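**Q**
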Amino acid sequence: MGEDKSGTGGENRIRLDRVTCRQVVVAEERRLRPMPRLRVPEVDDQEPCPFCEGREEMTPPETFAHRAPGSRPNAPGWRLRVVPNKFPAFAGEMERRPAGDSPGWAESSSSPGISEVIIETPDHKGVFSLMTEGEMDGFFRAIRSRIAAFGRAASVAWPVFFKNHGAMAGASLSHPHSQVMGVPVTPGNMEDQLSAASAHFSHTGQCAFCAEASGVAAQGGRLVAEEGGFAHVAPYVSRFAYETWILPKKHMSAFEDMADEDTLSLARLVKKAAGKLDGVFGRPPFNMILITAPYRHALREHFHWRLEIFPVLGRMAGFEWGAGMNINTVSPETAARVLAEGAPLK
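Numbering-wise, my numbering comes out as the position in the sequence shown, counting from 1, plus 716.
Set out below in structure tokens:
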């Protein structure tokens, strides 16, 4: 799945993942260079908060909800709500009208699809890692339900779920929420990953991520934890400090194919993973992103979904933007050990 190439000096290493098509420089000594203290900005709270219980009229009508028996849609009594995003990146149906504003080497089209917001709890001050196992299970069942529903729309090619927690991670409101989208195209990097996963299977007869979850990560000192049919690992080619993945141990191309009995195990492991981040870093900003197979894709079979989680501890700078590869100052082996221990960093 990955390979290690010697750097020009010291213990720095260039690591390449042939399946995710990612390349990074692992340079732990760069942690020692002087750096200004990064101020962590707070999310500006909107008042009144449109996601709080009792203000349901401030959002579009819900498309999905977990509710108390007898409560009415778009009214109080919910435990989780999913609503259309008022500021969507993707919405509506495909327009066949050609765009005349693109230069000769580019093209432009409409962006149909679906953009929704998952309001995770009525509690404005809710903490992700402190959700109960039942609440976390309901959260992942809601994601699975919406992704499955998106697949019935002809205009949607690929689903993506993400959670931005904190202003540095991209959140615009502090009330606990996340987003799920139905995208009209399969992005180029996703096409590359599908082709690479299929080629790896053809060459080796196995799925790289099945191997990673079922023993390779543990053998390499990169296993953080396990729960049921899932493994929490620090990937060999980690782009960011303390980046980790949640992987199903059995082969599963698409998140929406997950069985009911698996969602609780996933919920337990994600709750533990979030708790580890909070224990080590004191509730840092973080991103959580689901990478899953596109709908109706010819190479879907050999893909393996993953949930990527990483704290936002700094910013990408000139090299990362210019080279298209990251410098990671914490090796995944170090990250796995620190997160498994869960003690605050000094």
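We put the CB at the ideal spot given by N, CA and C, even for glycine. Owing to the predicted nature of the structure, the values given are computational and were not obtained by experimental measurement.
Would Pro-900 and Ala-873 qualify as a contact pair, given that the criterion is a beta-carbon distance under 8 Å?
**A** Within the sequence shown, residue 900 is the residue found at index 184, counting from 1. Within the sequence shown, residue 873 is the residue found at index 157, counting from 1. Taking 8 Å as the Cβ cut-off, Pro-900 and Ala-873 qualify as a contacting pair.
**Q** Helix, strand or coil for Phe-1019, going by three-state DSSP, please let me know.
**A** Taking the first residue of the sequence shown as position 1, residue 1019 is located at position 303. Coil.
**Q** On a Cα-Cα basis, can you pick out the residue from Val-799, Arg-795, Met-852, Asn-728 that is closest to Thr-979?
**A** Here residue 979 is taken as the residue at index 263 of the sequence shown, counted from 1. For Thr-979, the nearest C-alpha among the options comes from Met-852.
**Q** Please state if the CB of Asn-1044 and the CB of Val-735 are separated by a distance shorter than 8 Å.
**A** Mapped onto the sequence shown, residue 735 falls at position 19. Mapped onto the sequence shown, residue 1044 falls at position 328. For Val-735 and Asn-1044, no; Cβs fall outside 8 Å.
**Q** Does the distance from the C-beta atom of Glu-972 to that of Val-949 stay below 8 Å?
**A** Walking along the sequence shown from the start, residue 972 turns up at place 256. Walking along the sequence shown from the start, residue 949 turns up at place 233. Cβ atoms of Glu-972 and Val-949: not closer than 8 Å.
**Q** I'd like to know whether the C-beta atoms of Leu-910 and His-1013 end up nearer to each other than 8 Å.
**A** For the purposes of this step, residue 910 is taken as residue 194 along the sequence shown, with counting starting at 1. For the purposes of this step, residue 1013 is taken as residue 297 along the sequence shown, with counting starting at 1. For Leu-910 and His-1013, yes; Cβs fall inside 8 Å.
**Q** Which residue from Phe-855, Pro-875, Gly-998, His-840 puts its Cα closest to that of Leu-1061?
**A** Taking the sequence shown and counting its residues from 1, one reaches residue 1061 at position 345. It is Gly-998.
**Q** So, helix, strand or coil for Arg-984, using DSSP?
**A** Position 268 of the sequence shown, counted from the first residue, corresponds to residue 984. Looking at Arg-984 - three-state DSSP - the assignment turns out to be helix.
**Q** Under the three-state reduction of DSSP, which class applies to Thr-1050: helix, strand or coil?
**A** Position 334 of the sequence shown, counted from the start, is the residue given in the question as residue 1050. Helix, per DSSP.
**Q** Could you tell me how far apart the beta carbons of Ala-915 and Ala-924 are, in whole angstroms, since I believe they sit closer than 8 Å?
**A** Residue 915 sits at position 199 when you count from the first residue of the sequence shown. Residue 924 sits at position 208 when you count from the first residue of the sequence shown. With a Cβ gap of about 10 Å, Ala-915 and Ala-924 do not count as contacting.
**Q** What would DSSP say about Gly-667, mapped onto helix, strand or coil?
**A** Nothing about residue 667 can be reported from this structure: the residues present for the chain run from 717 to 1062 only.
**Q** Nearest-angstrom Cα distance between Ala-1009 and Pro-875?
**A** Taking the first residue of the sequence shown as 1, we reach residue 1009 at position 293. Taking the first residue of the sequence shown as 1, we reach residue 875 at position 159. If you take the alpha carbons of Ala-1009 and Pro-875, they lie about 8 Å apart.
**Q** Return the residue from the list Gln-895, Gly-921, Arg-955 that minimises the CA-CA distance to Trp-1037.
**A** Translated into positions along the sequence shown, residue 1037 becomes position 321. The candidate whose alpha carbon is nearest that of Trp-1037 is Arg-955.
**Q** On the three-pair Cβ rule with 8 Å, is the stretch 876-896 touching the stretch 826-835?
**A** Counting Cβ pairs under 8 Å, three or more are found: they touch.
**Q** Please name the residue or residues paired with Gly-936 in a DSSP beta bridge.
**A** Taking the first residue of the sequence shown as position 1, residue 936 is located at position 220. Per DSSP, none; premise fails for Gly-936.
**Q** Which residues in the same chain have their Cβ closer than 6 Å to the Cβ of Arg-1022, if we skip the five residues on either side of it in sequence?
**A** Taking the first residue of the sequence shown as position 1, residue 1022 is located at position 306. Closer than 6 Å at the Cβ level, and outside the excluded window around Arg-1022, lie Trp-961, Leu-963, Ile-1007.
**Q** So, helix, strand or coil for Arg-749, using DSSP?
**A** The residue labelled residue 749 in the question sits at position 33 within the sequence shown. In this prediction, Arg-749 scores a pLDDT of 48, lower than 50, which makes its location untrustworthy; no coordinate-derived value is stated.
**Q** Hey, how far is the Cα of Ala-1056 from the Cα of Asp-908?
**A** Indexing the sequence shown from 1 puts residue 1056 at position 340. Indexing the sequence shown from 1 puts residue 908 at position 192. So the two alpha carbons sit approximately 32 Å from each other.
**Q** Please report the distance separating the alpha-carbon of Pro-1001 from that of Met-774.
**A** Here residue 1001 refers to the residue found at position 285 when the sequence shown is read from its first residue. Here residue 774 refers to the residue found at position 58 when the sequence shown is read from its first residue. Roughly 26 Å separates the two Cα atoms.
**Q** Compare the C-beta of Ala-983 against all C-beta atoms of chain B and say whether one is closer than 8 Å.
**A** Absent from the structure is chain B; it holds one protein chain and no more.
**Q** Confirm, please, whether the CB-CB distance from Gly-991 to Ser-845 is below 8 Å.
**A** Counted from its first residue, the sequence shown places residue 845 at position 129. Counted from its first residue, the sequence shown places residue 991 at position 275. In this structure, Gly-991 lies closer than 8 Å to Ser-845 by Cβ.
**Q** CA-CA distance, Gly-1058 and Ser-827?
**A** Here residue 1058 corresponds to residue number 342 of the sequence shown, with the count starting at 1. Here residue 827 corresponds to residue number 111 of the sequence shown, with the count starting at 1. In a straight line, the C-alpha of Gly-1058 is about 42 Å away from that of Ser-827.
**Q** Would you kindly work out how many angstroms separate the C-alpha atoms of Ala-934 and Leu-982, rounded to a whole number?
**A** The residue labelled residue 934 in the question sits at position 218 within the sequence shown. The residue labelled residue 982 in the question sits at position 266 within the sequence shown. Each residue's Cα considered, the two are about 19 Å apart.
**Q** Measure the C-alpha to C-alpha separation of Pro-838 and Phe-917 and round it to an integer number of angstroms.
**A** Here residue 838 corresponds to residue number 122 of the sequence shown, with the count starting at 1. Here residue 917 corresponds to residue number 201 of the sequence shown, with the count starting at 1. C-alpha separation (whole angstroms): 44 Å.
**Q** So Ser-831 is in the beta strand (DSSP E); what residue range does that whole segment cover?
**A** On the sequence shown, position 115 is the one that residue 831 refers to. Run containing Ser-831: 830-835, per the beta strand (DSSP E) assignment.
**Q** Rounded to whole angstroms, what's the CA-CA distance from Ala-941 to Glu-1024? Just pull it up for me.
**A** For this step, residue 941 is matched to residue 225 along the sequence shown. For this step, residue 1024 is matched to residue 308 along the sequence shown. Each residue's alpha carbon lies about 15 Å from the other.
**Q** Work out the CA separation of Ser-871 and Phe-806 for me, nearest whole Å.
**A** Within the sequence shown, residue 806 is the residue found at index 90, counting from 1. Within the sequence shown, residue 871 is the residue found at index 155, counting from 1. Approximately 10 Å between the Cα atoms of the pair.
**Q** Quick check on Leu-754: does DSSP put it in helix, strand or coil?
**A** Walking along the sequence shown from the start, residue 754 turns up at place 38. Confidence at Leu-754 is low in this model, with a pLDDT of 49, below 50, so its placement is unreliable and the value that follows should be read with caution. Three-state result, Leu-754: coil.
**Q** Quick one: give me the first and last residue of the alpha helix (DSSP H) that Gln-909 is part of.
**A** Translated into the one-based positions of the sequence shown, residue 909 becomes position 193. 904-920 is the extent of the alpha helix (DSSP H) around Gln-909.
**Q** Can you tell which of Pro-785, Phe-803, Arg-771, Thr-779 has the C-alpha that lies nearest to the C-alpha of Ala-791?
**A** As a working mapping, residue 791 is identified with position 75 in the sequence shown. Among Pro-785, Phe-803, Arg-771, Thr-779, the Cα nearest to that of Ala-791 is on Arg-771.
**Q** Determine the extent of the beta strand (DSSP E) in which Gly-898 is found, giving its start and end residues.
**A** As a position in the sequence shown, residue 898 is number 182, starting the count at 1. Note, Gly-898: beta strand (DSSP E), 893-899.
**Q** Using three-state DSSP, classify Thr-960 as helix, strand or coil.
**A** In the sequence shown, counting from the first residue as 1, residue 960 sits at position 244. Residue state, collapsed to three classes: strand.
**Q** Any idea if Asn-1042 is buried or exposed, counting beta-carbon neighbours within 10 angstroms, 16 or more meaning buried?
**A** Reading the sequence shown from its first residue, position 326 is the one you call residue 1042. Under this definition Asn-1042 is a buried residue.
**Q** Return the Cβ separation of Arg-795 and Val-953 in integer angstroms, given the expectation that the two are a contact with Cβ distance under 8 Å.
**A** Here residue 795 corresponds to residue number 79 of the sequence shown, with the count starting at 1. Here residue 953 corresponds to residue number 237 of the sequence shown, with the count starting at 1. Not confirmed; about 38 Å, so no contact.
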